[in-house]
Each structure stands twice: as structure tokens, then as C-alpha cells.
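Since the structure comes first, as C-alpha cells, the remarks are kept for the end.
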Amino acid sequence: MNKTSYNVDKKGFYGPYGGAYIPEMLYPNIKELEEKYLGIIESESFRTEFHYLLRDYVGRPTPLYFAKRLSDRYGSNIFLKREDLNHTGAHKINNTVGQIILARHLGKHRIIAETGAGQHGVATATVCARAGLNCIVYMGALDVERQAPNVRKMQMLGAEVIPVHSGNKTLKDATNQAIRDWINNPVDTHYIIGSVVGPHPYPDMVTRFQSVISEEMKVQLTEKTGRDYPDVIMACVGGGSNAAGAYYHYLHNEQVRLLSVEAAGKGVDSGESAATSTLGSDGIIHGSRTLLMQDVDGQITEPYSISAGLDYPGVGPIHAWLKMSGRAEIINVTDDEALHAAYLLSKLEGIIPALETAHAVAALDHVKPDPEQNIVINLSGRGDKDMEAYTENLPNKI
Amino acid sequence: MNRIDQLFRRKNNRILSVYMTAGYPRIGDTVEIIKALESSGVDMIEIGIPFSDPLADGEVIQKSSQQALENGMSLKLLFSQLKGIRSFVNTPLVLMGYLNPVLAYGFRKFIEDAVRVGIDGLILPDLPLEIYRESFREDLEDSGMKYIMLITPQTSENRIREIVGNSGGFLYMVADSATTGARNEITGAQVEYFRRVGAMKLHIPRLIGFGISNAETFNRASSFANGAIIGSAFISALGDEKKQPIADKVEEFVASIIQHP
Ligand SMILES: Cc1ncc(COP(=O)(O)O)c(C=O)c1O
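Protein chains in written order, with my numbering: chain S, 656 to 1053; chain V, 20 to 280.
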């Protein structure tokens, strides 16, 4: 019997998920990307430039930090993969650095992106500034409000931020609008999508750019534990890019438990949740077949999470497949649990995590850690952008 | 014979096809609008199935879709509204919508119910040729409905031929590299594209859609193809504030398009 593969197949699918369900208007763009992406990103010149920028501009490798006090509290060996220390404060820049080099190879002059928390928008605006390219970022009008510091950063970096007023005014709607922009500007524009979502080849391409996370983990774990793999990896999943990057080199090592943490909002069954893998069913969103939150008529429903970066009704097709094939387990974490975890990590380790990331930390309460085990939490981003939410929700209030 | 094929056999120029959103402006307007379109002299009607996330649509159709959903439109309701329509409407009817609601309904059941109410063709813009051919084509062809596909100014000649080889009814030429929405003129680059496709001598009728909004753009587009499709401009006309029976709005709009060439 063939071992299950968790990588994308030749037609762009992970098991039954993925593909490119796109209108004909996008066909030439997607076809061009599909034909060229592997050749470009595997070329010597691309790799040299990508690794140079990751090192000297982004600040990689990011440390793998042994969190002593957190470990003592949970009775386990907990390591934090410090993606929060990247330039711009999250893992998102690994992808944008890769895509901006790709855009240049494709000869595109105009860059568009969607953003939820604003981290991907800032990371895109940053690489566009450095490359001297025009940058337009679509952001749900609600997110523009709740992530104001990131809006100001994008503007200072020279990007144009366009608030999107359709739907729930969050990430899904921003993504719709970015795709419409691409339909209207098919020739000169590259769309830097911010997670492992969208039509093939985006999920695979973004996964590859983020895979630097687990590539470094192998070396760092060998140094620190004498073994190149951990027992458990935990990561939050919005679209799923930081998780895909942290899992990538361990996908086929079944000794590693993969725990994907989704935002339960006010509770999985509260009607205000973004627990996509638990509440979702098979369908098509943003050009990809995957699990998504929808009603019986196939209308996509509005998710909710306190965290703008997890407030998305779909997941990347790789995550739909990891769940349905049984390779990854899903943990749901509420707003309140995430807020508590953010305070806990701040007090115990002196690290203020992003709200998204706080969900992954909170999931420690859902697993039964074992003193012998090595757990890696992918610390996807830092909390600067969330200070307002944190101060409005002091732990005695929640 | 399929009503779309009959239509093009009978008439091969200045075909006017009009797009409407089912359940817009009011939930009960669907059949009323279809009847009024037929009596006003429209040749073909595209019934839009509203979707929460219409990626290929501009603001007007986004809003009409959202309104229709708020009104309570669903595929189930649409089929029940269309039940019996063939006892008084002869115009070819095409369903146009995004794939997700159709999959949620069940593709086979969708096809069966569409055929049962007398639908002649289907347009699913986000179901691409490759996936259609592999997983959907057989069921659709067995049903007798026509699967209508889109091309754009960016579609290569080879791909146009492939699309024509896999579709039926007519070729839907998207006028511009753009989402749907009314525009007031047809540019030189568009004309060049219309001529280029015309010169391919395809054995399938061609209709031009997206951006066609008034008599002038309809006449112009019709001079390069067998006719044209109007969507957003019609939706806007239905949505205006004038207190007037819906059938009158439809009639006025259609009359403004098919004035003398
Ligand atoms: C810090 C941080 N973590 C996680 C996410 C969620 O995205 P993904 O699931 O693609 O990693 C975001 C998205 O904005 C983010 O900013």
C-alpha cells in the first residue's frame, strides 16, 4: 500500500482538496504561475537571494527558545519557535520575501495583497518598499479599525490601504476584493496571497516559502535535544501558513504529533466562531476546494474571532487533508482562553504574543503534556498590534 | 431541440440576452421579470443564482446577490418558483451561478431539477474547463442542457478552440479583462479582440457580455458577434427608486436597448 502523501500532487490537489476553481479571467495568471513557480524558486539565483534576504533582512534563523517557566508549569519541555522576532513581527514575511522575488522574475510591477490582522499587509508593504514596487492592500473595514497600528505602518511604508465594506468587512471580503482587482489587472499585477489558501499553486508555493521554519527546527532541535524532531508541534491556523511551515519537514514523520489550533471565538457552538475544521464542510472558497463554514445552501457564513488573523471561514487545502486523513488533530480555543494565555506567556516568559499566536499557547491546556516530551509551539507573531485588545480585556475582566 | 440551438437557428444577429439575479429586487419578482423580459422581446434570459462571495462580479451584482440572499433566495426556492414556467414562457433560460451552492445542492440533483423546470443551459464561471471535463461533463451532456463557457481577451487561440470543443449553446465572450459592471464605451483594444475571435471562424455562435449597458454598446457589440448580454445595467434599472410596477421597469429598459440600430 502506498503511504499517504501530504504534499500537493501534479494536478494541484491534496487528496480531494485544493485545485484551481477559478473563473476564466484568472486562467492566464494562474497558468503562468503554475508553469513557472517551481522553476523559479528552485533556481540557484532565486535561492541565493531568498536565503540572503531571510538572513540579513528578516533576521533568520529565528531562535528556538526553551521556555523554562512555561515548561515547569505544564510539566513538559516546551520550545518556542520565535517567528515573532522576524522583521515586521510575524512569520508572514517569509512568504512575502519569496513572492516579491518571484514577482520580479515574472516581470510584474504592481503588487496587491489582502490582509486580516495587518501582519501580511505590513510584510507585503515592507518588501514592496524595498523593491520599489507599487503596493495596494485590501483590508476589511472592521479590521482597519481593530488593527489600526498596522494600517499606519502600511501607509508609512508607502502602501495604499483600501478598506473593504462588503460582507462581514473582514479577511474573507478583503480576499474577494483582491481577487477582483487581479481580474481587472491581469497583465501587470502579481497577487501576493498571505496564507496557504487560494487556487493552486498558491497553497504549495506559500507552504514552501514558510517551510524554512521547520527546516531550521530540525537543526535547532538536534542541537538542543539530540534528535531532529519533536514529539508535538502546535500552531494556530487561520489560513494555515505558519502551521504548514512548522509542519512541512515533519509531514511524513508520523512520530511527530501535529496539533492545529483554531479560533473558537465565543465557543464552537455559540454561532460566533471561526473553528473552520470543526464546523466546516466540503466546498469551494477563493478558488480552492477545502473545508469551509457554510450554510445548507452553500452560502459562505461569516466567521468570528477576536483575532483578525484567524477570522477566516476556510482553511488551506493542505489542512483540510491533514485533518481528514487523520494526520493532524484539531484543537479549538476561545477568545477568553487566548487572552489568558497571552497574559500567561507575558508574565512567565516576558513575551507578548500576537492574539493569533496566543491561541496556540492556550492549547497547552487542552493536551496532556508528558514530562518526557518535547513540544514546539510555533510563536507566529508578536503582540504589538494587539495592545488595544489586551488592555481592553484585562485578565480580571475576562 | 434545445431552445438555445433553436434560437440561433432562427436568428443570428442582434441577439439580446439579459441577466437577472433570482430573488431581486423582491423575492417574488423572479417569474414576473422573466415574463416581462419575454414580452419585451428579449431573446434569452440568464437567471443568476445568488452567492455570498461572487468573485467575478462588480458592485452592482454583488449587491443584488446580497439583497436576494437577504430576501431568502436559495436554489430550492428558485426551482419551486420556476416550476411550471414552461407552460407560458418559451424563451431559452440559462442558469448562471458559482459552483459552491450547486455542489451544496448536489450536482446531479441540480441537473435533474434544472432540466425538470425547463432550463436550457448552464454557466458556472468558477468551474474551469479542466475540472469540468474530468468530473462534470458527462452528467451535463446526458441531461441535454448546454454548458456555456467564457473566454476573455487574454484567452489564447488554442484554449478558445479547446473551450469551444467542450461547450455548447454559444461562446460567452467576456468583453474586457474585468469583473461585471456597466461601462459606456467599447475601446479599440476590445474591437481588436472581437475581430480576432471573429476571424477564427468558430462553429458556435458568439455573444459579448460584461460592460454592455445601453443601445450604443449593444449595437456596437452586436456588430462583432451574434449579439450581446446585459447584466449590471439591467439590475441597476430594476433597483432604482421609481415607484413603478416591475414589469414596466423591465419593458422600459429593454425598449431603450432595442431601438432601431
Ligand atoms: C501572528 C499571526 N499568526 C497567525 C496568523 C494566521 O495566519 P496563518 O494561519 O496563515 O499562519 C496571522 C495572520 O494574520 C498572524 O498575523
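All C-beta atoms, glycine included, are put in the ideal place defined by N, C-alpha and C.
If residue i sits next to residue j, beta carbons under 8 Å apart, how far is it from one beta carbon to the other, in whole angstroms?
i, j, result
"S/Y857", "S/Y884", "27 Å between Cβ atoms; not a contact."
"S/I685", "S/I677", "6 Å"
"S/P968", "S/K827", "6 Å"
"S/W976", "S/Y682", "Actually they do not touch by this definition, with Cβ atoms about 24 Å apart."
"V/F189", "V/I223", "6 Å"
"V/G116", "V/I68", "3 Å"
"S/I939", "V/L26", "The Cβ separation is near 31 Å, so there is no contact."
"V/V183", "V/T110", "Going by Cβ atoms, the distance from V/V183 to V/T110 rounds to 24 Å, so no, they are not a contact pair."
"V/I142", "V/G250", "Wrong, their Cβ atoms sit about 11 Å apart, outside the cutoff."
"S/I955", "S/L947", "6 Å"
"S/G981", "S/G853", "The pair is not a contact, with the Cβ atoms about 25 Å apart (cut-off 8 Å)."
"S/A899", "S/E917", "Not a contact, Cβ separation roughly 14 Å."
Using CA coordinates, which residue listed in the options is at the minimum distance from residue i?
i, options, result
"S/G935", "S/Q802, S/Q949 and S/N732", "S/Q949"
"S/N1033", "S/M872, S/V911 and S/G964", "S/M872"
"S/T933", "S/L876, S/R785, S/R737 and S/G922", "S/G922"
"S/P959", "S/V777, S/L797 and S/K658", "The sequence given here has Tyr at residue 959 of chain S, not Pro. Answer by Cα proximity: S/L797."
"V/I34", "V/E57, V/I52, V/Y43 and V/M20", "V/E57"
"S/Y661", "S/Y998, S/L688 and S/I973", "S/I973"
"S/G730", "S/L1049, S/Q1028 and S/D1039", "S/Q1028"
"S/A768", "S/L757, S/R759 and S/A780", "S/A780"
"S/S850", "S/D924, S/G753, S/P1008 and S/K1040", "S/G753"
"S/V1022", "S/L1000, S/K691, S/S866 and S/I986", "S/I986"
"V/Y38", "V/S241, V/I227, V/R239 and V/K262", "V/I227"
"V/V269", "V/I179, V/P44 and V/A256", "V/A256"
"S/Q810", "S/S821, S/H820 and S/I791", "S/I791"
"S/Q802", "S/A833, S/S821, S/Q774 and S/T1046", "S/Q774"
"S/R944", "S/L1019, S/G971, S/I733 and S/E984", "S/G971"
"S/E878", "S/I1006, S/L719 and S/L946", "S/L719"
"V/T171", "S/L994, S/M680, S/E992 and S/R807", "S/M680"
"V/K262", "V/P44, V/I23, V/D24 and V/R29", "V/P44"
"S/H907", "S/S869, S/G895, S/T931 and S/T880", "S/S869"
"V/E51", "V/L169, V/L101 and V/R178", "V/L101"
"V/I96", "V/T206, V/L159, V/D132 and V/A247", "The question names Ile, but residue 96 of chain V is Leu in the sequence shown. Closest option to V/L96, Cα to Cα, is V/D132."
Measuring only the C-alpha atoms, how far is residue i from residue j?
i, j, result
"V/I254", "S/I1030", "56 Å"
"V/P147", "V/E181", "12 Å"
"S/T770", "S/I847", "10 Å"
"S/M656", "V/P144", "Below a pLDDT of 50, predicted positions are generally treated as unreliable, and S/M656, at 47, falls in that range; no measurement from the model is reported."
"S/A1017", "S/E1004", "14 Å"
"V/A75", "S/N897", "29 Å"
"V/F70", "V/T49", "16 Å"
"V/V193", "V/N31", "19 Å"
"V/Y200", "S/R737", "For the record, residue 200 of chain V in the displayed sequence is Gly; it is not Tyr. If you take the alpha carbons of V/G200 and S/R737, they lie about 46 Å apart."
"S/R840", "V/S196", "It is worth fixing the name first, because residue 840 of chain S is Asn in this sequence and not Arg. Cα to Cα, the separation comes out at about 7 Å."
"S/L761", "S/G1036", "30 Å"
"S/E690", "S/K666", "12 Å"
"V/M20", "V/Y124", "27 Å"
"V/R202", "V/P120", "29 Å"
"S/I838", "S/E687", "14 Å"
"S/A1044", "S/D990", "11 Å"
"S/L757", "S/G787", "15 Å"
"S/F621", "S/D966", "With chain S running from 656 to 1053 in the structure shown, residue 621 of chain S is simply not present."
"S/D711", "S/L1000", "28 Å"
"S/N831", "S/V892", "20 Å"
"S/L913", "S/M979", "13 Å"
"S/T659", "S/V861", "21 Å"
"S/A963", "S/A772", "5 Å"
With a threshold of 16 other CB atoms inside 10 Å of the CB of residue i, please say whether the residue is buried or exposed.
i, result
"S/M1042", "exposed"
"S/V799", "buried"
"S/T1012", "buried"
"V/N245", "buried"
"V/F107", "exposed"
"S/L693", "exposed"
"V/A208", "exposed"
"V/G47", "exposed"
"S/N741", "buried"
"S/V874", "exposed"
"S/V816", "buried"
"V/T236", "buried"
Would the C-beta of residue i count as close to ligand 3, meaning under 7 Å from any of its heavy atoms?
i, result
"S/G935", "This structure simply doesn't include ligand 3; it includes ligand 1 instead."
For chain C, find out if any of its Cβ atoms is closer than 8 Å to the Cβ of residue i; answer yes or no.
i, result
"V/A197", "The displayed structure is made up of protein chains S and V, and chain C is not among them."
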